[in-house]
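Peer 1: Sharing a structure with you now.
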Amino acid sequence: MAKLTTEELIEQFKELSLIELSEFVKAFEETFEVTAAAPVAVAAAPAAGGEAAAEVEEKDEFDVILAAVGDKKIQVIKEVRALTSLGLGEAKALVDEAPKAVLEGAKKDDAEKAKAQLEAAGATVELK
240 MAKLTTEELI
250 EQFKELSLIE
260 LSEFVKAFEE
270 TFEVTAAAPV
280 AVAAAPAAGG
290 EAAAEVEEKD
300 EFDVILAAVG
310 DKKIQVIKEV
320 RALTSLGLGE
330 AKALVDEAPK
340 AVLEGAKKDD
350 AEKAKAQLEA
360 AGATVELK
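Per this note's numbering, residue 240 is the first one in the sequence shown, and the count goes up by one each step.
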């Protein structure tokens, strides 16, 4: 097998759906025993004798979960395709497997917009 350049690999990844790319990342992590997650900073403990101030971190990444399809399944499939760029068969499979994550690690605005679009199509959606 010929060695692929970085540009060729990027072009191949562009052709994958989000689900296929997610599966690739998981397989890559398992094969090479690495993680693609960004490092998380650990908060320092408060000084001795002081009160522990509980800082609440606002969540900035959300999973959009399709909880129930509703009675307009075709409209929901169309919205899933628009949001994820999945093919028709993949989108239908995702909708059939509800409850299922449509988007993972989405920004707050994107997650709320996706939720609104799916609910307008008749689906029940949760943000986690």
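Glycine included, C-beta positions come from ideal geometry on N, C-alpha and C.
1. For residue 364, which residues does DSSP report across the bridge?
2. Residue 312: which of 261, 265, 266, 333 sits nearest, CA to CA?
3. Using the three-state DSSP reduction, which class does residue 346 fall into: helix, strand or coil?
4. Under 8 Å by Cβ, that's how I've got residue 365 and residue 321 pegged, so tell me the actual separation to the nearest angstrom.
5. With residue 341 and residue 323 assumed to form a contact (beta carbons below 8 Å), what rounded beta-carbon distance in angstroms separates them?
6. Kindly list the residues whose CB is nearer than 8 Å to the CB of residue 295, restricted to its own chain and excluding five residues on each side of it in sequence; keep chain order.
7. Would you mind sorting residue 292 into buried or exposed? The rule is 16 or more other CB atoms within 10 Å of its CB.
8. Go ahead and label residue 304 buried or exposed: buried means 16 or more other beta carbons lie within 10 angstroms of its beta carbon, across all protein chains shown.
Peer 2: Taking the definition as stated:
1. Residue 364 sits at position 125 when you count from the first residue of the sequence shown. The partner list for residue 364 (beta bridge, DSSP) reads 305.
2. In the sequence shown, the residue the question calls residue 312 occupies position 73. Across the set 261, 265, 266, 333, the C-alpha of 333 shows the shortest separation from the C-alpha of residue 312.
3. For this step, residue 346 is matched to residue 107 along the sequence shown. In the structure shown, residue 346 sits in a strand (DSSP, three-state: E or B).
4. Residue 365 sits at position 126 when you count from the first residue of the sequence shown. Residue 321 sits at position 82 when you count from the first residue of the sequence shown. The beta-carbon distance between residue 365 and residue 321, rounded to whole angstroms, is 19 Å. This is too long to meet the 8 Å contact definition.
5. On the sequence shown, position 102 is the one that residue 341 refers to. On the sequence shown, position 84 is the one that residue 323 refers to. Yes, residue 341 and residue 323 are in contact; Cβ-Cβ is about 6 Å, under 8 Å.
6. Mapped onto the sequence shown, residue 295 falls at position 56. A caution first: residue 295 carries a pLDDT of 45, below 50, which makes its placement in the model unreliable, though a value can still be read off. If we look at residue 295 and ignore the five residues flanking it on each side, it has no Cβ neighbours.
7. Indexing the sequence shown from 1 puts residue 292 at position 53. Because the pLDDT at residue 292 is just 44, under 50, the model does not fix this residue reliably, and the value given afterwards should be weighed accordingly. With fewer than 16 Cβ atoms within 10 Å of its Cβ, residue 292 is classed as exposed.
8. Along the sequence shown, one-based indexing puts residue 304 at 65. Within a 10 Å sphere around the beta-carbon of residue 304 sit 16 or more other beta-carbons, which makes this residue buried.
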